[in-house]
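Going by our numbering, the sequence shown opens with residue 81, and the numbers climb by one from there. Each residue gets a CB set at the ideal place from its N, CA and C atoms; glycine is no exception. Just so it is clear, the structure is predicted and the values come from calculations on it, not from any experiment. Here's the structure we're looking at; comments come further down.
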Amino acid sequence: MGFINAQKLTPKEISIINQGDIKTAMPIYQTTDPEQHKTLLNLSTEIDPVDPNTATLVKRMKESLLSTNGGVGIAAPQVGINRKVIWVQRFDKEGNPFEYFINPVIVWRSELQNLGPEGDLSIPEFRDQFYRSKVIQLEYVDLKGQKYAEIVEGFTAVIFQHEIDHLFGILISDKKEKEKNDSYKKVDAFKRSDSVTR
81 MGFINAQKLT PKEISIINQG DIKTAMPIYQ TTDPEQHKTL LNLSTEIDPV
131 DPNTATLVKR MKESLLSTNG GVGIAAPQVG INRKVIWVQR FDKEGNPFEY
181 FINPVIVWRS ELQNLGPEGD LSIPEFRDQF YRSKVIQLEY VDLKGQKYAE
231 IVEGFTAVIF QHEIDHLFGI LISDKKEKEK NDSYKKVDAF KRSDSVTR
């Protein structure tokens, strides 16, 4: 945890982060574009929180999120950067503020789950119902490298889980496909022949 493992940003990443003004939104990658889709499916790595480019990325990601029609979260891969940075709207705090999280890690999640609707800024016209843990415990750092831990629940916990999935290249469209496949697997847990042939 932290940023000891963070590799320096590549020239390509720095170029994407600094294209345009710090106050301008970065384009949001779409699954409908094959190159952008590839970026969305890649694993993200840790980022150095005290690198000045990280602060620029954080600021511009917020602009990207605010430019959407009611988006409640965004992850760095959605603006073309496979690094561990997310923004989340905190419905669990007064005024529902937007907050950023660097190198976030879910260290614990409740077995108790809720089923609720989700959409994605990178997947046009897609909405479905998903199971998510009701409560999670998070660790992350801020732009000074200060480490934090907190417990989050309810809808805000759902947003965190969705955005952190992005950092692992997991999209809700793929998740739904996997759930569909899982639900059709026939399981005969107590078949006598199984225990004999093991």
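In the three-state DSSP reduction, Glu179 falls in the strand class (E or B).
Going by DSSP, Val138 is part of the alpha helix (DSSP H) stretching over 132-146. Glu93 has its alpha-carbon roughly 26 Å from the corresponding atom of Leu218.
The C-beta of Pro132 has fewer than 16 other C-beta atoms within 10 Å across all chains shown, which makes the residue exposed. Every unbroken stretch of the beta strand (DSSP E) spanning 3 or more residues and falling wholly within the region 218-267 is given here in chain order: 227-233. CA-to-CA, the gap between Pro204 and Gln110 works out to about 8 Å. Between the region 194-209 and the region 162-175 there are fewer than three C-beta pairs closer than 8 Å, too few to call the two in contact. At a Cβ-Cβ threshold of 8 Å, Leu223 and Ile182 count as neighbours. For a cut-off of 8 Å, the C-beta gap from Gly160 to Ile250 is around 17 Å, too long to register as a contact. Sixteen is the threshold: since fewer than 16 other Cβ atoms of the shown chains lie within 10 Å of the Cβ of Thr112, the residue is exposed. Taking a cut-off of 8 Å for Cβ pairs, the region 228-242 and the region 186-203 touch, as three or more such pairs fall below it. For Val215, same chain residues with a beta-carbon under 8 Å away, outside a window of 5 residues either side, are Arg189, Ser190, Leu192, Ile231, Val232, Glu233, Ala237 in chain order. According to the DSSP secondary-structure assignment, Phe210 is paired through a beta bridge with Gly196. Remark: C-beta atoms of Pro157 and Asn122 approach each other more closely than 8 Å.
Secondary structure of Ile186 (DSSP, three-state): strand.
Note on Asn162: 16 or more other CB atoms within 10 angstroms of its CB, so buried under the neighbour-count rule.
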